[in-house]
Each structure stands twice: as structure tokens, then as C-alpha cells.
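Here is the structure we will look at.
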Amino acid sequence: TVSSILRNLGACVIDADRIAREIVEPGQPAYHDIVDHFGPAVLLANGKLNRPYLAQQVFSDPQVLELLNRLTHPRVIERIEALIEQLAAGGYRLPIVLDIPLLIEAGMADTVDQVWLVTTDPETQLQRLMQRDNLTEAAAKLRIDAQMSLAEKARFAHHLIDNSGSLSDTQQRVCKLWKLAVSQAELSHS
Numbered sequence: 002t003v004s005s006i007l008r009n010l011g012a013c014v015i016d017a018d019r020i021a022r023e024i025v026e027p028g029q030p031a032y033h034d035i036v037d038h039f040g041p042a043v044l045l046a047n048g049k050l051n052r053p054y055l056a057q058q059v060f061s062d063p064q065v066l067e068l069l070n071r072l073t074h075p076r077v078i079e080r081i082e083a084l085i086e087q088l089a090a091g092g093y094r095l096p097i098v099l100d101i102p103l104l105i106e107a108g109m110a111d112t113v114d115q116v117w118l119v120t121t122d123p124e125t126q127l128q129r130l131m132q133r134d135n136l137t138e139a140a141a142k143l144r145i146d147a148q149m150s151l152a153e154k155a156r157f158a159h160h161l162i163d164n165s166g167s168l169s170d171t172q173q174r175v176c177k178l179w180k181l182a183v184s185q186a187e188l189s190h191s
């Protein structure tokens with residue numbers, strides 16, 4: 002929701018989850034690394050990754066999740082950096098929004114100018130995850146439990162965006178923060 006609001010305001014949003022899906026497509030280096038480490042059981046008949054099977058493996062064992070992150074995170078970061086360089090080379094001067102759910106867990110909070118943390122109450126978080134990814138409650142809880150708590154993440158945030166209220170409230174907060182970020186960017190480029 003917040004990324005959509007920012008796009009509508011004219012922001013360039015780089016979506017790390019989309020990039021993470023792209024880098025594990027057949028033929029990509031991360032795809033080969035995953036198949037090498039997890040074996041053929043991780044593949045569907047069409048040669049693509051069996052994402053539900055892989056998710057079951059990684060979210061039930063923290064060490065397996067760490068392995069998958071070591072295989073994929075460097076390539077996601079590399080792709081993000083390349084996109085940022087392309088934007089800068091093309092003269093883009095507005096703030097670039099990095100939609101990275103695991104930014105803090107990946108130790109990247111100090112590589113960005115600002116961290117905006119989107120928060121919600123735990124029940125809403127659970128319901129939205131179940132609906133978005135078509136997960137059972139147990140599977141969604143495993144994914145949430147594998148992440149740093151929102152309270153821990155809040156220590157790294159410059160701004161909090163509570164999206165458990167109305168869409169209008171979230172839009173107002175995001176619009177205010179975006180205007181502030183744009184004015185700060187304009188000052189730094191003048």
C-alpha cells in the first residue's frame with residue numbers, strides 16, 4: 002500500500018521482493034545456486050522453483066533460511082545498486098524509494114538516507130500476510146517469527162508509518178513524509 006501511494010506521488014520505487022523473484026528464475030545464477038544446495042526436490046516439473054516447498058524448508062529452520070539469504074541477498078543488492086546507478090546516470094534527482102522488507106535484518110539500514118518503517122497491529126499483519134500469500138495461519142506465523150520484531154525494527158527507523166488505520170490516514174502520512182524527503186533532496190542538489 003505505501004509503495005503504491007509513493008508511486009502515485011511520482012516516486013521511483015525499487016521493489017526488492019520483485020527483484021528476489023526475478024533472480025531465482027531459471028537460468029539466473031541464484032537459481033543454479035539454490036538448485037545446487039537444495040537438490041532437484043526444489044524444482045517443479047516445468048523447471049521453475051517450487052516456491053511453496055522452498056518456503057516450507059526455510060521458514061521451519063533458521064539455518065536453512067540463513068543459507069537461502071546468503072545465496073540471494075548479494076544478488077538482490079547488486080541489482081538494486083545497478084538500478085540506482087542507472088537512475089542517477091539518467092539525471093533522476095528525486096529520492097529513490099527502496100521497498101526492502103528485510104532491510105534492517107540484512108544490515109542495510111545504514112546504507113540509506115532514511116528508514117521508513119511501516120507498522121500495523123499483529124493481528125492485521127497476520128491476516129494481511131495470509132491473504133496476500135495465500136498462507137495458512139501456521140505458515141504465516143512461521144514467516145513473521147523468522148523476522149525481527151517491529152519493536153526491534155523501530156529502533157532503526159527515522160519515521161514510522163502506521164497503516165492499521167484508514168487508507169486516508171496512511172496516504173496523508175506518506176504524502177507528508179514524501180514532501181519532506183523531496184524538499185531535503187532538492188536542498189542537497191542545490
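Okay, so the sequence shown: first residue is 2 according to the working numbering, each after it adds one. Virtual Cβ for every residue (Gly too), placed ideally from N, Cα, C.
My assumption, with CB atoms under 8 Å, is that residue i sits in contact with residue j. Please give the rounded CB distance.
{"i": "V59", "j": "L66", "result": "4 Å"}
{"i": "V36", "j": "L45", "result": "Wrong, their Cβ atoms sit about 12 Å apart, outside the cutoff."}
{"i": "I15", "j": "T171", "result": "Actually they do not touch by this definition, with Cβ atoms about 20 Å apart."}
{"i": "C13", "j": "I97", "result": "5 Å"}
{"i": "I145", "j": "L127", "result": "7 Å"}
Could you check if residue i is buried or exposed, using at least 16 other CB atoms within 10 Å of its CB as the buried criterion?
{"i": "N47", "result": "exposed"}
{"i": "K180", "result": "exposed"}
{"i": "A17", "result": "buried"}
{"i": "L188", "result": "exposed"}
{"i": "A152", "result": "exposed"}
{"i": "A42", "result": "exposed"}
{"i": "L200", "result": "Absent from the structure is residue 200, since the part of the chain shown begins at 2 and ends at 191."}
Looking only at its own chain, which residues have a Cβ that is under 6 Å from the Cβ of residue i, when we skip the five neighbours before and after it?
{"i": "R19", "result": "none"}
{"i": "R80", "result": "I20"}
{"i": "L69", "result": "V59"}
Going along the chain, which residues of its own chain have a beta-carbon closer than 7 Å to the beta-carbon of residue i, five neighbours each way excluded?
{"i": "L88", "result": "C13, I97"}
{"i": "E26", "result": "Y32"}
{"i": "L136", "result": "L130"}
{"i": "L10", "result": "C176, W179"}
Candidates the options: which alpha carbon is nearest residue i's?
{"i": "R174", "options": "D111, L143, I162, G166", "result": "I162"}
{"i": "S150", "options": "P123, D111, A110, N70", "result": "P123"}
{"i": "A147", "options": "E82, A83, A56", "result": "A56"}
{"i": "E82", "options": "M109, S61, Q29", "result": "M109"}
{"i": "E23", "options": "A42, V3, G40, R52", "result": "R52"}
{"i": "A186", "options": "L95, S61, L143", "result": "L95"}
Can you give me the Cβ contacts of residue i inside the same chain, cut-off strictly under 8 Å, excluding the 5 residues immediately before and after it?
{"i": "L72", "result": "A31, D34, I35, H38"}
{"i": "S165", "result": "T120, T121, D122, T125"}
{"i": "Y93", "result": "C13"}
For this session: Check whether the region 113-129 touches the region 150-168, counting contact only when three or more Cβ pairs, one atom from each stretch, lie closer than 8 Å.
Result: In short, these stretches touch, since the Cβ pair count reaches three.
Exercise. Does the pairing of the region 127-140 with the region 85-102 give three or more beta-carbon distances under 8 Å?
Worked result: no
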